[in-house]
Amino acid sequence: MPMNESKSNFVDYVKIYCRSGQGGAGSRNMRREKYVPKGGPDGGDGGRGGHIILRGNRNYWTLVHLKYNRHIRADHGESGGKSRSTGKSGEDKIIDVPCGTVVRNEETNELLFEITEHGEERVLLEGGRGGLGNWHFRTPTRQAPRFAQPGEPYKEMTVILELKLLADVGLVGFPNAGKSTLVSAISAARPEIADYPFTTLEPNLGMVEHRDGRSFVVADIPGIIEGASEGRGLGLRFLRHIERNSLLLFMIPADSQDIKKEYRILLNELEQYNPEILDKQRVLAITKSDLLDEELMELIRASRLPQIPYVFISAVTGYGIQELKDLLWTELNKESNLLSAQEEQEVKGDFIITELPNDASDSKMSPEESEENAQEENKEE
């Protein structure tokens, strides 16, 4: 394996080509049976093409299953048959994705929808409707129509799937600030920990148990350095995972030369990525406080710290960990941090949910709207 190839199975960005199924053509069959004079038309309708459907699945936490399966095609509908038999509908293609997946049109970069709940289904591309058989086009003056309706064509699109982890608290800090150590101390997660920068190369989630059985989720992302917005270090690739967080926990070591300066650098990099992130609640954790005594802590408190709630912690000794949990829980449950039911409904209303057709008959075109097109198709043949 080349040295620059990642060994990780964490994939949070993938581009795939999708194509729905084409509708089956209607049948032009004429009834021909012994002892049935003037049988007339009895061509059946074509089956509809298969849909491309995205479905949320909480058992997935990455898009790695789509990394090597980037061409998704649904089945075409089959043509109608004699005796007014409807053709078989194409099988739908269901793509399971993790909760928190955002879907964009690759060509226009338009946000199509996002999957946030387990079992939630969205139709990405509808299959073509099946064409009507010649039985639908009989009239008193045209008793033996020898034409039928073709099926609707398929739809295709290249889409970008981005995974944004769903967590309550996002950890922000420079490399070696103690983020992974904190996650391992307050949750059952076991991220890689070492004494060199950029140990964390992929996001990690941890479930934090609080008092009385309450809990919240924290997300640890790779460290940010000055100039990350210009591509230095690991860049800002993983910052999409804290866009959904309700609260940002800034982690700065106690042995930093200027805590406020480092805090401003981190804020600036977040603003370069997405200014809306700065609207989130913020808490400061001064890590590695086991290196300090009470006198040094007082000196740091007396210095010009950022005007946000802060706490001294040490993930190694456990100092301040419970106080940090209490502070995070309090900030998470502030009135300004909670969406009202009305606001939540408005957020969900930003996207249109496409309902699945119940059966093939519901998806047929009417004879009135398409008789002329069917005649033109017959002439071309």
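Mapping of the sequence shown onto our numbering: position 85 corresponds to residue 103, and the numbering continues sequentially without gaps. Even for Gly, the Cβ is constructed at its ideal location relative to N, Cα and C. Please read these numbers as outputs of a predicted model, since none were measured by experiment.
Asked: Just how far apart, CA to CA, sit Ser274 and Leu285?; Found: 16 Å
Asked: Whose C-beta lies closer than 6 Å to the C-beta of Arg258 among residues of the same chain, with five residues either side of it excluded?; Found: Lys182
Asked: Beta-carbon within less than 8 Å of Leu323's beta-carbon, same chain only, minus the 5 sequence neighbours each way: which residues are those?; Found: Ile277, Lys278, Leu302
Asked: Rounded to a whole number of angstroms, what is the C-alpha to C-alpha distance between Glu244 and Gly146?; Found: 51 Å
Asked: Given that a residue counts as buried once 16 or more other Cβ atoms are within 10 Å of its Cβ, and exposed if not, what is Thr199?; Found: buried
Asked: Gly62: buried (16+ other C-beta within 10 angstroms of its C-beta) or exposed?; Found: buried
Asked: Inspect the beta-carbon positions of Val29 and Leu81 and report whether they are closer than 9 Å.; Found: yes
Asked: Identify, in the order they occur along the chain, each residue of the same chain with its Cβ nearer than 6 Å to the Cβ of Gly64, setting aside the five sequence neighbours on each side.; Found: Gly41, Gly42, Ala43, Gly44, Gly95, Ser97, Gly98, Gly105, Gly148, Gly149, Gly169
Asked: Return the CA-CA distance between Ile112 and His228, expressed in angstroms with no decimal places.; Found: 38 Å
Asked: Can you tell me whether Val177 is buried or exposed, with buried defined as 16 or more other CB within 10 angstroms of its CB?; Found: buried
Asked: Rounded to whole angstroms, what is the Cα-Cα separation between Gln340 and Ser205?; Found: 12 Å
Asked: Rounding to the nearest angstrom, what Cα-Cα distance links Arg156 and Met48 in this structure?; Found: 12 Å
Asked: Among Leu296, Phe234, Gly196, whose alpha-carbon lies nearest the alpha-carbon of Gly336?; Found: Gly196
Asked: Apart from the five residues on each side of it in sequence, which residues of its chain come closer than 8 Å, Cβ to Cβ, to Gly118?; Found: Glu132, Ile133, Thr134, Leu181, Lys182, Leu183, Leu184, Arg262
Asked: Among the candidates Lys173, Arg319, Ile331, Arg122, whose CA atom is the shortest distance from the CA of Gly67?; Found: Lys173
Asked: Is it buried or exposed for Ala166, if we count other Cβ within 10 angstroms and need 16 for buried?; Found: buried
Asked: Pick out the complete beta strand (DSSP E) segments inside the segment 183-210, 3 residues or longer, and give them in chain order.; Found: 187-191
Asked: Just the Cα atoms here: how many angstroms apart are Cys16 and Tyr53?; Found: Not covered by the structure: residue 16. The range shown for the chain is 19 to 399.
Asked: Thinking C-alpha only, which one of Ser332, Ala162, Ala333 is nearest Lys56?; Found: Ala162
Asked: Can you check which of these residues, Ile90, Leu267, Asp114, is closest to Leu346 by C-alpha distance?; Found: Leu267
Asked: So Arg46 and Asn152 are supposed to be a Cβ contact under 8 Å. How far apart are they, rounded?; Found: 5 Å
Asked: From the DSSP output, in three-state form, read off Ile71 for me.; Found: strand
Asked: Given a threshold of 16 other Cβ atoms within 10 Å of its Cβ, counted over all protein chains shown, does Leu129 qualify as buried or as exposed?; Found: exposed
Asked: For Arg11, is the classification buried or exposed, using 16 other Cβ atoms within 10 angstroms of its Cβ as the cut-off for buried?; Found: Nothing can be reported for residue 11: it is not among the residues displayed for the chain, which extend from 19 to 399.
Asked: What does DSSP give as the partner residues of Asn222 in its beta bridges?; Found: Asp238
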